[in-house]
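**Q** Residue numbers (the working numbering): 363 to 472.
1) If you run the structure through DSSP and keep just helix, strand and coil, what is residue 459?
2) For my contact list, residue 393 and residue 421 are in at a C-beta cut-off of 8 Å; report their separation, rounded to the angstrom.
3) Taking residue 466 as the reference, give the member of 399, 384, 459, 433 with the closest Cα.
4) Between residue 447 and residue 391, what straight-line distance do the alpha-carbon atoms span, to the nearest angstrom?
5) Report buried or exposed for residue 459, applying the criterion of at least 16 other Cβ atoms within 10 angstroms of its Cβ.
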C-alpha cells in the first residue's frame, strides 16, 4: 500500500489545480509543549470547514506538516497502533475505489 506524500509550497487554487487535488481536504496538526501532546484536524469541503462527512466522498486529501507521521505510515514495520489503524482505514477506502492522497505543507502555511 502506497502512502507516499507530495510537498506543497502553499495552498491556493493554482496549487490545487497543479497537483490535481479534488475532494475533501483534511488538515492535521499536533504539538508538544512541556511534555504534553495535543492534536487537531479540520475537515474542509468546497472551501468551507465542515463538521460532518459523507460516505459518498470519492477523494480525500490529508495535509500535514509532520513528515515523521508520513514516514511512519510509509514504514512496513510500523507497530504504533494509530499507524496500524490508519493503514487499515486507507486500505479499506482504496478497496472501495476511493482516492486517498497525502501532502506535506511547511508548518504555518496551510
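Beta carbons are placed, not taken as given, at the ideal position from N, Cα and C, and that holds for glycine.
**A** On the basis of the data shown:
1) Start at 1 with the first residue of the chain shown, and residue 459 comes out as number 97. DSSP places residue 459 in coil when its eight states are reduced to three.
2) Locating residue 393 in the chain shown gives position 31, where the first residue counts as 1. Locating residue 421 in the chain shown gives position 59, where the first residue counts as 1. With 8 Å as the limit, residue 393 and residue 421 do not qualify as a contact, their Cβ atoms being about 28 Å apart.
3) Position 104 of the chain shown, counted from the first residue, corresponds to residue 466. Out of 399, 384, 459, 433, 433 has the C-alpha closest to the C-alpha of residue 466.
4) Within the chain shown, numbered from 1, the residue matching residue 447 stands at position 85. Within the chain shown, numbered from 1, the residue matching residue 391 stands at position 29. Going from the Cα of residue 447 to the Cα of residue 391 covers about 18 Å.
5) The sequence position of residue 459 within the chain shown is 97, counting from 1. Label assigned to residue 459: exposed.
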